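One structure is given below, encoded as structure tokens.
4 protein chains.
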Amino acid sequence: MRSPEISTLFRYCFQKESYIDGSFFVKQLTMRYSTIPVFITLFLLMAFTGTQQKQRVIFFGDSITQAGVKPKGYITVLGEMLQQKGLQDRYELHGAGIGGNKVYDLYLRMEEDVLAKNPQIVFIWVGVNDVWHKRTSGTGTDASKFEKFYNAIIKKLKDKNIKVVLCTPAAIGEKTDYTNELDGDLNHYAALIRNIAQQNNCALVDLRKAFLDYNLAHNKDNKESGILTTDRVHLNDTGNQLVAEEMLKVLIKL
Amino acid sequence: MRSPEISTLFRYCFQKESYIDGSFFVKQLTMRYSTIPVFITLFLLMAFTGTQQKQRVIFFGDSITQAGVKPKGYITVLGEMLQQKGLQDRYELHGAGIGGNKVYDLYLRMEEDVLAKNPQIVFIWVGVNDVWHKRTSGTGTDASKFEKFYNAIIKKLKDKNIKVVLCTPAAIGEKTDYTNELDGDLNHYAALIRNIAQQNNCALVDLRKAFLDYNLAHNKDNKESGILTTDRVHLNDTGNQLVAEEMLKVLIKL
Amino acid sequence: MRSPEISTLFRYCFQKESYIDGSFFVKQLTMRYSTIPVFITLFLLMAFTGTQQKQRVIFFGDSITQAGVKPKGYITVLGEMLQQKGLQDRYELHGAGIGGNKVYDLYLRMEEDVLAKNPQIVFIWVGVNDVWHKRTSGTGTDASKFEKFYNAIIKKLKDKNIKVVLCTPAAIGEKTDYTNELDGDLNHYAALIRNIAQQNNCALVDLRKAFLDYNLAHNKDNKESGILTTDRVHLNDTGNQLVAEEMLKVLIKL
Amino acid sequence: MRSPEISTLFRYCFQKESYIDGSFFVKQLTMRYSTIPVFITLFLLMAFTGTQQKQRVIFFGDSITQAGVKPKGYITVLGEMLQQKGLQDRYELHGAGIGGNKVYDLYLRMEEDVLAKNPQIVFIWVGVNDVWHKRTSGTGTDASKFEKFYNAIIKKLKDKNIKVVLCTPAAIGEKTDYTNELDGDLNHYAALIRNIAQQNNCALVDLRKAFLDYNLAHNKDNKESGILTTDRVHLNDTGNQLVAEEMLKVLIKL
């Protein structure tokens, strides 16, 4: 536990305690140069009081994660939840989502967008486009390749002692009568991810299950969107809230 | 009700009472020429005793129905069930299935393969290829077109006072953990058919429901085939039995 | 040959000689009631002078044809060309195009939209969606089915002694370096239509060839649209002009 | 130039001069231990006479390359051509092809299958599956992603001072009337590769052009396979010969 005094000192060192941003944190820090001596003192204090360093958490994914750093996005909401719990000094949340990304796109850019930032924790949330693009553009991802790239990403992260959290893809359509066109395939990829999590001893945020359960309870009119998503895939406010809650449960136990 | 005597006379007139065949019934009748006077007597008897005429039932569909007339096929099994119930004289069962057919293929050939044979009852069982071919060859059927052609078929049949029975597509994959790739779309097309049946006051054989229920009860190992199908789509013996049972229930109430 | 006098009488009978419209011609005739006696005289004259009746020409197709009846659409332009040649009294041009139509959609609606209107000539222009929808929605048309439905349409038209003109699909993309994604398949379907035309002794308007030749000559910058189309598929003014010219050549020789 | 004597010494050092194999060369070397002193002398001689070291050439690709190391495969044939030219001591040819590979699969396995083997030259031949799988399984590669992964592979190779040779995908169908279904897209990806080669100053083996030219000259009957391929994609003997010839021209000039 970090003492409140140190937390205050930390705040004093930076003009803005923006621990949530879409790009890399350090770039946006605006240090008050006059406070450098205080800053040094802070670190000495931390060293002696045994306070934890902030854990850098990267959310690695597609357009859903890209939108997660917006004012009401799930990463922002998760940051606010941490603050309400007084845990804001323990975590630094960073979004690393790019629209249209599939699992192999994550693999291609993980050196630069994840490893180079030295995170302690990485949430991987991918899979919707791997399924969806089969239908829309003939460029989805084979299940066997999906597993292979997913495992390759995990291996590289674990080699750096990074804690990895896997998330299942939440939804492509919210209908509750089992007629969402791609549900079968989406369930298949969600099942693959659950299995990969187990094999690699990774924590799991089962958003697919959370979304299905929520919709079965709340989507009585069998709507295809509007319950947790705006457009069958991307999150509305309730969706962002639900995702943040599910991730919070896992994050604080890591 | 036809009296047993007439039924016996009828049997006497034909060498073989093959009321099941894939092509047209009449072509395959082998009349004993010596019995022509008896035959004439028979018709006179029928005219005076008011006995029912055999109802010609055509099963109109795809490769599943094409296989239905084989020795253990569902149409053959259904014929045997009718015989066990002593109802063999009431129905004449004909298969009209062609592999790879989608709803518009049925529409194209219905004049020749169905209307020209003057049936009293037609079972329509189509939909698997309309969904499946989206994935395998990019040539499935849009949902809106599926409905349009289905309704056009029903209209032409009803215009001839033919009783129409609709069947939902049974399965593309038998897994019970909701990961059959095309289940969402297949459920969608099954739902469309249920709706078309209701709107047109047609009887329904809900094979999709029957197959799901059966698999949930019997496919504990989450196999993708081998429970009711040989290959995720085409029927094994148990599948043929189940289809025949479901159709029998509806047929005898028409 | 119709004498100029009769032609003048005909003009006198109608307020507006609108021989082009998207719906049925007769609905839009506004007869001057006072001219009825003249009209009767006209018909008597026609009967005795052996003048030709106007030939009703229906353009049967997809969204390209649906747009053909607009002010600068190819059917309108063709009408104007006929007028310039003084042939306006010989032909009545009608559009029967519906967006998204594939060959089987034409077959489904041909009774109502074509045969019921008793045309003497029908131009069939279909094929773009049969190829394109394979890619965009998984609901294109198999080549073998394309041929089957096309032949079925021709048969029904020929049974009514209607002259049938076949058109090849013009373009999905105008690039001249052979990199339009669907050109191979489009060329395949164009080849099928050329073959069907030959087998059925139907006239052919080879728009595929005309568009390729025009682009090779005029699209030096390898643009994917903007030469003959607005969007790779639908016609711009130059495209409408080219189509009208190609159709005119064939129409006046029928 | 290496003197014949040294070449003889080299041969003496190894039981079998198998410079062609599908796995890694070094593993298969069986050194005669008694010849170690001779071996050392050899290296001293090489050092002083300035003789070249054998250049290790890796062929990196899909199933076509996987088959390239078979007795009549293109890599084997190329090895024989080098021998006929007396150049066998300059090159060591290794196949690194895996069936079904797309550009991102090459990227995933390049560390282990290419870089770890320290080649001086790498031929990249990929693209058929990136196009083909769009149609067969909905899992092809978007053009933009294709370029991105291709460039990433080249960068990693160039960073190690490896000479990179790019090959365009040869064929998916050999018909010469421009009706091979996927030709448009295949031409597009071939054009992308030509452009990537130019931008990166890489040598190019334009197999797409070579195959088209050969077919236009020799495939008069418009066959879809059997000229250079067995099955529209994989090479027959003539195809292997043509590929080896085209690669030889480029290899000896590097």
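Residue numbers (my numbering), protein chains in the order written: chain H, 1 to 254; chain U, 255 to 508; chain A, 509 to 762; chain L, 763 to 1016. Just so you know, even glycine gets a beta-carbon here, dropped at the ideal spot from N, CA and C. Here the structure is a predicted model, which means the values were calculated and not measured.
Please tell me whether I36/H has its Cβ less than 8 Å away from any Cβ of chain U. Numbered from 1 along the first sequence, position 36 holds the residue referred to as residue 36/H. With a pLDDT of only 47 at I36/H, under the threshold of 50, the placement of this residue in the model should not be trusted, and no figure is reported.
Using a Cβ-Cβ cut-off of 8 Å (strictly less than) and excluding sequence neighbours within five positions of E478/U, which residues of its own chain qualify? Within the second sequence, numbered from 1, the residue matching residue 478/U stands at position 224. So the list reads G427, E428, K429, N434, R486, once near-sequence residues are dropped.
Assuming E92/H and V57/H make a contact with CB atoms under 8 Å, what is their CB distance in whole Å? Stepping through the first sequence from its first residue, residue 92/H is reached at position 92. Stepping through the first sequence from its first residue, residue 57/H is reached at position 57. That belief holds up - the Cβ atoms of E92/H and V57/H are roughly 7 Å apart, short of 8 Å.
Can you give the Cα-Cα distance for L700/A and D650/A, rounded to whole angstroms? Position 192 of the third sequence, counting from 1, holds the residue named residue 700/A. Position 142 of the third sequence, counting from 1, holds the residue named residue 650/A. Distance between the alpha carbons of L700/A and D650/A: 12 Å.
Using the three-state DSSP reduction, which class does G381/U fall into: helix, strand or coil? Within the second sequence, residue 381/U is the residue found at index 127, counting from 1. DSSP places G381/U in coil when its eight states are reduced to three.
Express the C-alpha separation of L470/U and D343/U in angstroms, rounding to a whole number. Reading the second sequence from its first residue, position 89 is the one you call residue 343/U. Reading the second sequence from its first residue, position 216 is the one you call residue 470/U. Their backbone Cα atoms lie some 37 Å apart in a straight line.
Does the beta carbon of A711/A fall short of 7 Å from some heavy atom of the ligand ZN? Judged by which ligands are present, the structure shown has none, so any question about the ligand ZN falls away.
Helix, strand or coil, according to DSSP, for G859/L in the structure here? Residue mapping note: residue 859/L aligns to position 97 of the fourth sequence, counting from 1. Under the three-state reduction of DSSP, G859/L is assigned to strand.
Could you tell me the alpha carbon to alpha carbon distance between H641/A and N161/H, rounded to whole angstroms? Within the third sequence, numbered from 1, the residue matching residue 641/A stands at position 133. Within the first sequence, numbered from 1, the residue matching residue 161/H stands at position 161. For H641/A and N161/H, the distance between alpha carbons rounds to 48 Å.
Compare the C-beta of K409/U against all C-beta atoms of chain A and say whether one is closer than 8 Å. Residue 409/U sits at position 155 when you count from the first residue of the second sequence. Cβ-Cβ to chain A under 8 Å: no for K409/U.
Determine which residues of the region 695–723 of chain A have a Cβ less than 8 Å from any Cβ of chain L, and write them out in chain order. N695, H696, A699
Report the three-state DSSP secondary structure of E874/L (helix, strand or coil). The residue you call residue 874/L lines up with position 112 of the fourth sequence. Note: E874/L maps to helix in three-state DSSP.
Need the endpoints of the beta strand (DSSP E) that A965/L sits in, please. Numbered from 1 along the fourth sequence, position 203 holds the residue referred to as residue 965/L. Following the DSSP letters along the chain, one finds A965/L inside the beta strand (DSSP E) bounded by residues 965–967.
Can you tell me whether M446/U is helix, strand or coil according to DSSP? Residue mapping note: residue 446/U aligns to position 192 of the second sequence, counting from 1. The sequence as given places Leu at residue 446/U; Met does not occur at that position. Looking at L446/U - three-state DSSP - the assignment turns out to be helix.
Contact set between the region 634–653 of chain A and chain H, restricted to residues whose Cβ is under 9 Å from the partner: R643, T644, S645, G646
So which residues of chain L does L182/H contact, with C-beta pairs closer than 9 Å? Taking the first residue of the first sequence as 1, we reach residue 182/H at position 182. In chain order: nothing, as chain L lies at least about 11 Å away.
With a Cβ-Cβ cutoff of 8 Å, do G184/H and Y361/U count as a contact? Walking along the first sequence from the start, residue 184/H turns up at place 184. Walking along the second sequence from the start, residue 361/U turns up at place 107. Cβ distance not < 8 Å, so G184/H and Y361/U don't count as in contact.
Looking at the secondary structure, which residues open and close the beta strand (DSSP E) in which G226/H lies? Residue numbering aside, residue 226/H sits at position 226 when the first sequence is read from its first letter. Looking at the DSSP string, G226/H is not in any beta strand (DSSP E), and its letter there is neither H nor E.
Can you list, in chain order, the residues of its chain with a C-beta nearer than 8 Å to that of D221/H? Leave out the 5 residues immediately preceding and following it. What you label residue 221/H is simply residue 221 of the first sequence in a count that begins at 1. Sequence-distant Cβ neighbours of D221/H in its own chain, meaning closer than 8 Å and more than five residues away, do not exist here.
Keeping to the same chain, check which residues put their C-beta closer than 6 Å to that of G239/H; ignore five residues upstream and five downstream. On the first sequence, residue 239/H is found 239 positions in, with the first residue counted as 1. Excluding sequence neighbours, G239/H sits near L228, T229.
Collapsed DSSP secondary structure at T901/L in the structure displayed: The residue given as residue 901/L occupies position 139 in the fourth sequence. Strand.
Could you name the residues of chain A that L249/U contacts, counting a contact when the two beta carbons are closer than 9 Å? This structure cannot speak to residue 249/U, because chain U is shown only from 255 to 508.
Cα-Cα, which of L336/U, I318/U, A321/U is closest to V504/U? As a working note, residue 504/U is residue 250 in the second sequence. Nearest option by C-alpha distance: L336/U.
Considering only the alpha carbon of each residue, which of A451/U, T393/U, L502/U lies closest to K356/U? Here residue 356/U is taken as the residue at index 102 of the second sequence, counted from 1. Closest by alpha carbon: T393/U.
Could you tell me the alpha carbon to alpha carbon distance between L997/L and Q1003/L, rounded to whole angstroms? Indexing the fourth sequence from 1 puts residue 997/L at position 235. Indexing the fourth sequence from 1 puts residue 1003/L at position 241. Here the alpha carbons of Q1003/L and L997/L stand approximately 9 Å from one another.
Would you call N963/L buried or exposed, if buried means 16 or more other Cβ atoms sit within 10 Å of its Cβ? Residue numbering aside, residue 963/L sits at position 201 when the fourth sequence is read from its first letter. Exposed, by the Cβ-count rule.
Could you spell out the range, first to last residue, of the alpha helix (DSSP H) harbouring I64/H? Walking along the first sequence from the start, residue 64/H turns up at place 64. Its alpha helix (DSSP H) spans residues 63–66.
Residues near D237/H in its chain [Cβ-Cβ closer than 7 Å; skip 5 each side]: If you number the first sequence from 1, residue 237/H lands on position 237. Closer than 7 Å at Cβ, skipping near neighbours: K72.
Is the Cβ-Cβ distance between K100/H and N129/H less than 8 Å? Within the first sequence, residue 100/H is the residue found at index 100, counting from 1. Within the first sequence, residue 129/H is the residue found at index 129, counting from 1. For the sequence presented, residue 100/H should be read as Gly rather than Lys. It is a contact, given that the beta carbons lie within the stated cut-off.
Proximity of Q55/H and I124/H at Cβ, strictly below 8 Å: Mapped onto the first sequence, residue 55/H falls at position 55. Mapped onto the first sequence, residue 124/H falls at position 124. No. Outside cutoff.
Best match in A210/H, V205/H, L212/H, V77/H for proximity to M247/H [C-alpha to C-alpha]: Position 247 of the first sequence, counting from 1, holds the residue named residue 247/H. For M247/H, the nearest C-alpha among the options comes from V205/H.
Endpoints, alpha helix (DSSP H) assigned at L586/A: Here residue 586/A is taken as the residue at index 78 of the third sequence, counted from 1. Segment 582–592, the alpha helix (DSSP H) holding L586/A.
Hey, would you say P931/L sits closer than 8 Å to L919/L, going by beta carbons? Stepping through the fourth sequence from its first residue, residue 931/L is reached at position 169. Stepping through the fourth sequence from its first residue, residue 919/L is reached at position 157. Against a cut-off of 8 Å, the Cβ pair of L919/L and P931/L comes out as no contact.
DSSP three-state call for E500/U: helix, strand or coil? Residue 500/U sits at position 246 when you count from the first residue of the second sequence. Reduced to three states, the DSSP call for E500/U is helix.
Leaving aside the five residues before and after V622/A along the sequence, list all residues of the same chain whose C-beta is less than 7 Å from its C-beta, in chain order. Against the third sequence, residue 622/A aligns to sequence position 114. In the same chain as V622/A, and ignoring 5 residues on each side of it, the C-beta atoms closer than 7 Å to its own belong to I566, F568, A604, V630, in chain order.
Considering only residues of the same chain and omitting the five flanking positions on each side of A1006/L, which have a CB-CB separation below 7 Å? Counting from 1 along the fourth sequence, the entry for residue 1006/L is found at position 244. Cβ neighbours of A1006/L beyond the five flanking positions: Y836, V839, L840, M843.
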